[in-house]
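The structure appears below as structure tokens.
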Amino acid sequence: MTESSNDLIVLSDEEEDIKIESVISPKRAKPINKPRPVQTNTSSKSPIKPHAPILVLTEPKSISYGIERGYKLKHIHGVKRLNTENELMYLVEYDLCDDYEFVPSNILRQYCNENILIGYFEKLTQFID
11 MTESSNDLIV LSDEEEDIKI ESVISPKRAK PINKPRPVQT NTSSKSPIKP
61 HAPILVLTEP KSISYGIERG YKLKHIHGVK RLNTENELMY LVEYDLCDDY
111 EFVPSNILRQ YCNENILIGY FEKLTQFID
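For my numbering, count along the sequence shown from 1 and bump the result up by 10.
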């Protein structure tokens, strides 16, 4: 495996070991024949520093929801029913990040604090009544 300064390395952390999944080299672009701007008189020229490879860390592929990865649930914002599977999906927000995602009810019941679910159901029934 050859590494150049523009390689993109994709990492995976399956089974607690970080492995290199693949090394992606950028495609070489065709040079564009444009006139270069004339440099002004500068006394200090800074040398061009080589770029380090870009590392892309991926989450484990077996876990797809934030609550399964250990994110703490902050608030439940909504609920929707999937027509095809007749399953409820909850729109949740996590602490310490601005992400929202739909989580299936069976997964939410496994990982979520019951008080948050009960509080959401109480608010929902007050809204409906």
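Where a beta carbon is used, it is the ideal one built from N, C-alpha and C, also for glycine.
If you reduce the DSSP assignment to three classes, tell me which class residue i lands in.
i           : result
residue 111 : strand
residue 133 : helix
residue 91  : strand
residue 124 : helix
residue 77  : coil
Let's test the definition: count the other Cβ atoms within 10 Å of the Cβ of residue i and tell me whether it reaches 16, buried, or not, exposed.
i           : result
residue 76  : buried
residue 134 : exposed
residue 128 : exposed
residue 86  : buried
Identify the residues that DSSP records as bridge partners of residue i: which are they?
i          : result
residue 1  : A query on residue 1 cannot be resolved here, the shown segment of the chain reaching from 11 to 139 and no further.
residue 97 : 92
Are residue i and residue j touching if we call contact CB-CB under 9 Å?
i           : j           : result
residue 82  : residue 108 : no
residue 102 : residue 118 : yes
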